[in-house]
Each structure stands twice: as structure tokens, then as C-alpha cells.
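J.: Mind having a look at this structure? Questions to follow.
Chains as they are written, first to last, in this note's numbering: chain A, -10 to 442; chain B, -10 to 442.
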């Protein structure tokens, strides 16, 4: 008996060990700001409160701690997309605004770069500008995220704030150049998203990033229909000037609003009356119509990376505007972007069915400001007006209820990020390299391990 | 070769199947309001941002969708503790405020009652009054959660709001009585927590719940030291009048505060200056000193339930004040309660090491208002004051950073609940009955299945 048991144990161990294959792929989907609140917003709206997203049906689910430090290495409890994408791409814990550089401001090799160096094909898809933090951190290295092009790298204004630029990253100073210049030259087989303005931005007589890319023989795509056919060699697709327009918006473009207060309520908030914002519905965003969907870009990238490839690939896909629309207090904008993420996920899950040695990961870079709050308040019995000090959207869902989203982290036009741990979803391959609780740097390790790098 | 493989598979299957044993236990820990934000607050404060809670080391982690309906059965996206504890305890999706009753207001048998009816011992531990929603929903059935005792069941005031009481639940109307009366008579072996005021509340000449319990021969404990020895038969321990004081508070009892605004900033919020609240530290709460810890109550309950017991038990433990202190905007209060939850979890994990057929679940009933926000704002470069429209606590953590907690869901003294899906943690036994994504009713099903009910 003992002998058979020994054999059994050996065979069992063999069975659970990943099979060594010629082809192997990692697809990392980053939902920017896609925390558990946004996952639930998406579920409630798209599938109903008793329904399941495709994400909910994935066999692995865990939580991920986000780590950020300041220049002294002291912990900071809320991150930005630059430092977290850098941790996911390199394993380094770093400062806010860093792209592909560690806390000491040194460039760190990314999983994409390691994969490319080892013969894997590589790709980047985003609904933001491809020079934005999350896509950039996989193939570029600059000190400040706003150094997106040859003009901004010399300093200027981003989000209304002046900054110094990244002098040490200037090519003439021996640096690697701005993000768009680095992407133009990077060993990445396919890059799709927005951001044309960063590729045509020109400083004095220096070549634009677009010119650099063309010099390298890169095929440049600018129209959605170009994705209907394949192209050989390196491809960069830039379908909008900066961030791509999102698929959905609220009724007539309305975002979250303050309550209206009666004259008496201004005298004291415990008296008088208030009027809640009218409900909204999510509707198609007219400016989205010319855009390729995230699904279309994903399908093109998968085709491009898997054709004539017996080694495998690394592909990162960012659903950028969950976060961007949360900053703007546009709940329907975020939900439409979650719908896009789900559709892209369906495509990669189908791919993994045909190609079992494919690790699919979905996670977020940081959590965001939106909260689902009661509609009406839990305190309806109180004989006083009860209202959010921030701004709210009251979204009518297809199942006929009102989902109220509260945005109340600050007083300016753009909400703050928040600091909760974020979800992690994976297909069955994830079980061999993931744990129920990880830090973002552990995800980098897991991807490297899976690709045997 | 094929034959050996067959043997191997059989042995593997046997090894992963739960062993049918005489004894079997379920321990359900409910962190009230213990969403991913509070889990992260606890981790950052208690273990550091790169550390791990005991919870983080559990082998199973998933997410749970919270379901609530109104009287028409229409979905509501934010729950209260009564309806969610009822879903966990009975599998029924119900209305806000219901205790052990479904949406049609009919009593539903709970997992605790089914376990007791099948020879399992049963127990309830809470840091709230044992008549509060989460503990009550496992062994009582009333229409409105405030019907906690023979006085309030006849209507009155709770949280400053008048309500009608629960006339159909009155014993003289053929009902089962108030929550404290039901707990006095219920077939529960051990009940420990706060709530003495609900057991001594007397309406006219009707007997108090305490009198009913004594008639049944129940041992009543009121002092912490009584938990140093065991008692035979049914035990009810009531260590405070209502909710038990919490272990921690902020410096000098300070809770979240508004910013101070300069005169100019009152003229327009884009000018002038603001002063952020001073930082606080978490300190021992002086009113906690006479209380038994959650760990002590848990240890007593485990001893009580496992002695002379060859069948097993069902035990639910509530860490109530994560939620209650979030309502009050008291971040240190919530964190101290999370510390208590962790200490109680360590005790039950030790028990499960000795008694492998023990399913340990930790989950939350609903999410809560607290958010971890940047300190300082992400928009430090802006030349205008940036501040939360709500109230903030700036908590200095033991690793020397400031964790800023924002409470901004409404304008009154008590925050709203929120609607994100909540975490679920389990020990290794969980893998046989749980999935990565569940609805709260599925947790009821899983516990029933594990206990073979």
C-alpha cells in the first residue's frame, strides 16, 4: 500500500504542475480605479443586483494591497496610476508620478521588456492615450508621468498645474526621451489606444515621436476600420488626440450634482427643504461613434501577437476611464467603460479556451472616490433634510431601481483616489502562481514566473 | 501505466474529499461594516502597509454580493445590518430592518435553529447588545429591528426616530415577543455580549426577558471575571447596558473633524486658506477596561460549545463596532474593533488546528462610509485650497505615516452605509463549499451543507 501511495503522490504533483509548452501568454487587464465599488456598480447596472459579471465567474479571485512610498521611502496610503502601474510592471515600489522608475529614480526593467528580450511578442492596449501612466509604465521610463512628449518633457502644464519636466530624461542629456519617443522606439509589437497629440508634438527641430516610429518602419493606424485587416511588423494605432471618448454618458451628458437647498436650509441645514438631483439614465456617448471598441482593439492585438508565433506573448490592456470618469463624477462614463472591459475580457477568455497556456489577470491599480449610497437615505424617518456634502448621481438601472453614487472626497472638479486594497481576478492558470492576498509587486513576480523569466 | 494513473486519481479524490466525522463545527465571524476599506485600514494600522493581517493569511478569499429588496421585491442597492444578517442566517432576501423574517414578513428558520434542532450546540457572541440586528437575526424573528425588548416592541423611539413597534410580534397577540424575550427562551447554549437594558426592560406587569431566562434555568453572567470558569447548561452573559464600549479611541476621544476655513475662504472656496485637523493617534479607550475582550468571549464560547459534545456546533461572532464607529466617524474606534476581530480569529483558527472539521468564515454584512484618502491631497500643486466636503480623521500609524480617513456620505451625525460587495475569508474547509463570488444567501447554503442540514 505504501508503495502505491508514493506513486500517487508523485503523479498528483505532476498533474498540478504547469505543463511546459512552447507557447505561453500573459494577458494583464488593468481596470484603472476598478475597485470593489466600481465592480459592484458594474454588476448592479449591467447584470442586475442578483446577476454576475463575467469577472464574477472567473475561477480565481483575491485582493491586492497597493504600496506607495515618498522620496524617503516612507509609506503613503493612497497611490496614483503611475506608481502602481510601475509596481505591476517592474515589481518596484515607487513614488507617485514615476513611470518605470523606482523610488531612487532609476529605470527598472519591465515584465514586457523582459518578455520581449526573451523572444515573446508584446502588446499594449489602452482606452487612454498610450502615453498615459498605465500603458507607459510597461515600456517607458521617466521621472514624471506628464513627460509624455518632446514638448511636455521640457516642463509646462498638466491638469492645470505647472511642472518642471524631466530634464534628466531628455535625449540630448543622455536620457531615453519622452514617453511617446520611447514608445516609438520600444520593442513592442503592437500599441493601440489614444494619444496622437503626443506623437505629433514637436519641439523646435527635433523629430516627432511619429517621425521616429516611421523611421523604424512602424505601421501607424489612425482609423477604426484599419483594424479590420492585419499588418506585419510593428504597429502603433492612435485613434484619438488624447484619452479616447467613452462609450456611455449620463442623460444629456449630466454628471453628479449637488442637492438644491431652499432659502431656509441655507439659514440652517436642519430646517427648510432640499431637492435631490433628478435621476439619470446611461445613454450612448455620441463622441464615441468613431472609436474602435476595447473589444476590437483586443481582438486585433491578440491576432497580431499570436500569428506566426511559437513562443507566446505578453499583452497588457488598460480600461482607463473607469478612473477618469470617476474623477469627473460621471458614473455612467465609468459603467460604460466597465462594459467595455467585460467585452474585452470575453475575447481573451475565448482565446484562452483555444490556448490553455494563457494566464489572464484582471486587477485595478488603486481604488477610487465613488461610493454607492442609499437612495433615499437610511434616515428617512428623521424630520430634517439629509443629504450628501458632495455630489451625487442617481442612476436608474435597467432593473428599475435607483443606484445613487456619491462623490465627496474634495471640493475641486476632480475627485481624489482612495486607498482600499483592490480586487484580482484570474482564469484557471492563475491558481498556479497567485495567492488569495498579494501585494502589487507579487503580481509582477507571478507574471515573470509564469513566463519563466 | 494507465492502471497506476487510475489508482492515483482515486487516492487524490479521497484525500480532498472532506472526511465524514462525528463532530463538525461552523464558526461565522461577521465584521459589521467590514468592507475592503476597513480591512485595509486595519492592515495599514496594525501591520503596516506592507504587512498582513491574520485574515490575509487565510487560504480562501472571495467577494460577496449583498442583496436587499423593498416591500415590492424591487432591488435596493444599500443594505442595513438587519436584512443582511437575516440573509446570512436564513438564505432569505428581505427588507431593511427585518430580523429573521423574509420580505413577506414571515419568520424563516435560521441556520442556528436548524443546527440546534439537529443536535448541534449553538452560540452567539457580539460586541453589540445581543439584541442588536446581527446577533438577533440568528435566533429571533421580528418585523422591525428596534423591537428589542418588551417596551420598545410596543413602539417608541430608536436613534431619535419614532416607530410603531411590532404589534404582530407581541406575545399577547400570538407572536414570539421582543428580541430579548425570544433570546431568553431560545435553544441557544451560550449568548455573550452587551444589552442588559433590554433584558431588564419591563412593560407593566409582564415578566422581563431576564425573568424569563431565569425561569428556564439559564445562568446569567454580568462580570468579565465570570468568564474565567465554565458553567453548565444555557448561559447568557450581558456585560454592558447596550453596545459594549470599544477598545480604542482617537487622541482624547477626538473623531473626524471638518477643516477650518479662513474668512477669505468663506467668501469663495478657491481663495483664502484652510487648516486641516490636527493628527490623532489611537489610544486605549478608558471605558473599555471592565469589558471582556472579544477574544475572551470567543474562548469561553468555544469551551462551552465543545465540552461533552460529540456532534459539533454552530457559533456566530459579531464584531459590531467597525460599523458603529464608522457611523460616528471614529476611525480609531473601528480599528480597535478590527484588532479585536483579529484576536478572536486567532483563537478560532487555533481551535480549528486541533479540530480540523471546523469551517471558519469571516465576512461583512455591508460596506460602510469610511474612505482612505490622500494626505495631503493628490492636487498639492494647485494654488487653491483643496479639502473634503465631509469630515476627516488624520491617523498617525505606528509606521509613522498619516492615514487620512474621509467620512462624507451625509450631513447628519451618523454616516450612511454603502453598497460595495464585501469580502469573504475562510479556512481550508471553506474550499469545499465556497466559490470566489457568492451572494449572501449562498453563504447560508454553504453553512447548511457543511453541517449536513
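We put the beta carbon where it would ideally sit given N, CA and C, even for glycine. Only a predicted model underlies this, so the values are computations on that prediction, with no experimental measurement involved.
Counting only beta-carbon atoms, is residue -9/A nearer than 7 Å to chain B?
T.: Start at 1 with the first residue of the first chain, and residue -9/A comes out as number 2. Confidence at residue -9/A is low in this model, with a pLDDT of 31, below 50, so its placement is unreliable and the value that follows should be read with caution. By this cut-off, residue -9/A is not an interface position.
J.: What residues are listed by DSSP as bridge partners for residue 237/B?
T.: Working through the second chain from its first residue, we reach residue 237/B at position 248. Residue 237/B pairs with 273/B.
J.: Is residue 212/A buried or exposed, if buried means 16 or more other CB atoms sit within 10 Å of its CB?
T.: Mapped onto the first chain, residue 212/A falls at position 223. Under this definition residue 212/A is an exposed residue.
J.: So, helix, strand or coil for residue 199/A, using DSSP?
T.: Position 210 of the first chain, counting from 1, holds the residue named residue 199/A. Helix.
J.: For residue 319/B, collect the residues of the same chain with a Cβ closer than 6 Å to its Cβ; drop the 5 residues on either side in sequence, then sort them by chain order.
T.: Along the second chain, read from residue 1 onward, the residue named residue 319/B stands at position 330. Excluding positions up to five away in sequence, the list reads 244.
J.: Is the segment 68 to 81 of chain A touching the segment 115 to 132 of chain A, taking contact as three or more C-beta pairs under 8 Å?
T.: Taking 8 Å as the limit for Cβ pairs, the verdict is that the segment 115 to 132 of chain A does touch the segment 68 to 81 of chain A.
J.: Going by beta carbon distance, what residues of the same chain come within less than 6 Å of residue 29/B, once the five residues before and after it are set aside?
T.: As a working mapping, residue 29/B is identified with position 40 in the second chain. The answer is none, since no qualifying residue turns up.
J.: With a Cβ-Cβ cutoff of 7 Å, do residue 395/A and residue 379/A count as a contact?
T.: Within the first chain, numbered from 1, the residue matching residue 395/A stands at position 406. Within the first chain, numbered from 1, the residue matching residue 379/A stands at position 390. It is a contact, given that the beta carbons lie within the stated cut-off.
J.: In terms of alpha-carbon separation, which member of 306/B, 429/B and 390/B lies closest to residue 36/B?
T.: The count along the second chain starts at 1 and reaches residue 36/B at position 47. The shortest C-alpha separation from residue 36/B is found at 390/B.
J.: If you draw a straight line from the C-alpha of residue 112/B to the C-alpha of residue 294/B, how long is it?
T.: For the purposes of this step, residue 112/B is taken as residue 123 along the second chain, with counting starting at 1. For the purposes of this step, residue 294/B is taken as residue 305 along the second chain, with counting starting at 1. C-alpha separation (whole angstroms): 7 Å.
J.: Distance, Cα to Cα, residue 262/B vs residue 250/B?
T.: What you label residue 262/B is simply residue 273 of the second chain in a count that begins at 1. What you label residue 250/B is simply residue 261 of the second chain in a count that begins at 1. Rounded to whole angstroms, residue 262/B to residue 250/B spans 6 Å at the Cα level.
J.: Assess, as a yes-or-no matter, whether the segment 301 to 314 of chain B is touched by the segment 221 to 228 of chain B under the definition of 3 or more beta carbon pairs within less than 8 Å.
T.: No: the two stretches stay apart, fewer than three of their Cβ pairs being nearer than 8 Å.
J.: If I follow the unbroken beta strand (DSSP E) through residue 225/B, where does it start and stop?
T.: As a working note, residue 225/B is residue 236 in the second chain. First-last of the beta strand (DSSP E) with residue 225/B: 224 to 227.
J.: Any beta-carbon of chain B closer than 7 Å to the one on residue 33/A?
T.: Reading the first chain from its first residue, position 44 is the one you call residue 33/A. Residue 33/A counts as touching chain B.
J.: Identify each residue in the segment 337 to 356 of chain A for which the Cβ-Cβ distance to at least one residue of chain B is less than 9 Å, and report them in chain order.
T.: Result list: 356.
J.: Is the separation between the beta-carbon of residue 428/B and that of residue 54/B shorter than 7 Å?
T.: Here the question's residue 428/B lines up with position 439 in the second chain. Here the question's residue 54/B lines up with position 65 in the second chain. Yes, these two residues count as a Cβ contact at 7 Å.
J.: What is the rounded straight-line gap between the Cα of residue 166/A and the Cα of residue 18/A?
T.: For this step, residue 166/A is matched to residue 177 along the first chain. For this step, residue 18/A is matched to residue 29 along the first chain. Cα-Cα distance, rounded: 27 Å.
J.: For residue 127/A, report the span of its beta strand (DSSP E) as first-last.
T.: Along the first chain, read from residue 1 onward, the residue named residue 127/A stands at position 138. Careful: residue 127/A lies outside any beta strand (DSSP E) and carries neither H nor E.
J.: By the criterion of Cβ-Cβ separation under 9 Å, what are the contact partners of residue 119/B in chain C?
T.: Given the protein chain composition of this structure (A and B), no chain C is represented.
J.: Could you work out which residue in 411/A, 438/A and 410/A is closest to residue 419/A when comparing CA atoms only?
T.: Taking the first residue of the first chain as position 1, residue 419/A is located at position 430. Among 411/A, 438/A and 410/A, the Cα nearest to that of residue 419/A is on 438/A.
J.: For residue 255/B, go through chain A and note every residue whose CB falls closer than 7 Å to its CB, in chain order.
T.: Locating residue 255/B in the second chain gives position 266, counting from the first residue. What residue 255/B touches in chain A: nothing, since even the nearest Cβ is about 13 Å away.
J.: What three-state label does DSSP hand residue 307/A in the structure shown?
T.: In the first chain, counting from the first residue as 1, residue 307/A sits at position 318. Strand, per DSSP.
J.: Are the C-beta of residue 50/B and some C-beta of chain A separated by less than 7 Å?
T.: Position 61 of the second chain, counting from 1, holds the residue named residue 50/B. So yes, residue 50/B belongs to the interface.
J.: Report yes or no: is there a C-beta of chain A within less than 7 Å of the C-beta of residue 229/B?
T.: Position 240 of the second chain, counting from 1, holds the residue named residue 229/B. Closer than 7 Å: no.
J.: Residue 312/A CB to nearest chain B CB: under 7 Å?
T.: Counting from 1 along the first chain, the entry for residue 312/A is found at position 323. Taking Cβ atoms only, chain B never reaches closer than 7 Å to residue 312/A, which makes this a no.
J.: Have a look at the DSSP bridge pairing and note the partners of residue 151/A.
T.: To locate residue 151/A, count along the first chain from 1; it is residue 162. The partner list for residue 151/A (beta bridge, DSSP) reads 146/A.
J.: Would you kindly check if the distance between the Cβ of residue 405/A and the Cβ of residue 444/B is under 7 Å?
T.: Absent from the structure is residue 444/B, since the part of chain B shown begins at -10 and ends at 442.
J.: Can residue 289/A and residue 392/B be called in contact, C-beta distance under 7 Å?
T.: Numbered from its first residue, the first chain carries residue 289/A at position 300. Numbered from its first residue, the second chain carries residue 392/B at position 403. Going by C-beta atoms, residue 289/A is not nearer than 7 Å to residue 392/B.
J.: For residue 334/B versus residue 15/B, is the C-beta spacing smaller than 7 Å?
T.: By one-based count along the second chain, residue 334/B stands at place 345. By one-based count along the second chain, residue 15/B stands at place 26. No, the pair does not count as a contact, with Cβ atoms beyond the cut-off.
J.: Going by alpha carbons, who is nearest to residue 38/B out of 56/A, 440/A, 33/A and 27/A?
T.: Indexing the second chain from 1 puts residue 38/B at position 49. Residue 38/B has its Cα closest to that of 56/A, out of 56/A, 440/A, 33/A and 27/A.
J.: Any C-beta of chain B within less than 8 Å: which residues of the segment 393 to 406 of chain A qualify?
T.: Hits within the stretch, in order: 393, 395, 397, 398, 399, 400, 401, 403, 405 and 406.
J.: If I measure Cβ to Cβ from residue 88/A and keep anything under 7 Å in the same chain, skipping five residues before and after, which residues do I get?
T.: Position 99 of the first chain, counted from the first residue, corresponds to residue 88/A. Cβ within range, chain order: 71, 75, 122, 125, 126, 129, 130, 131, 134 and 168.
J.: Since residue 81/A meets chain B, which of its residues come closer than 8 Å, beta carbon to beta carbon?
T.: Sequence index remark: in the first chain, residue 81/A carries index 92 (1-based). By Cβ distance, chain B contributes nothing, its closest Cβ being about 13 Å from residue 81/A, past 8 Å.
J.: Applying a beta-carbon distance threshold of less than 7 Å, which residues of chain B neighbour residue 66/A?
T.: Against the first chain, residue 66/A aligns to sequence position 77. Near residue 66/A (Cβ distances below 7 Å), the residues of chain B are 33, 38, 361, 390 and 392.
J.: Of the residues 80/B, 235/B and 374/B, which one's Cα is nearest the Cα of residue 256/B?
T.: Translated into the one-based positions of the second chain, residue 256/B becomes position 267. Considering only alpha carbons, the answer is 374/B.
J.: At the 7 Å Cβ level, is residue 22/B part of the contact set with chain A, yes or no?
T.: By one-based count along the second chain, residue 22/B stands at place 33. No - not a single Cβ of chain A is within 7 Å of the one on residue 22/B.
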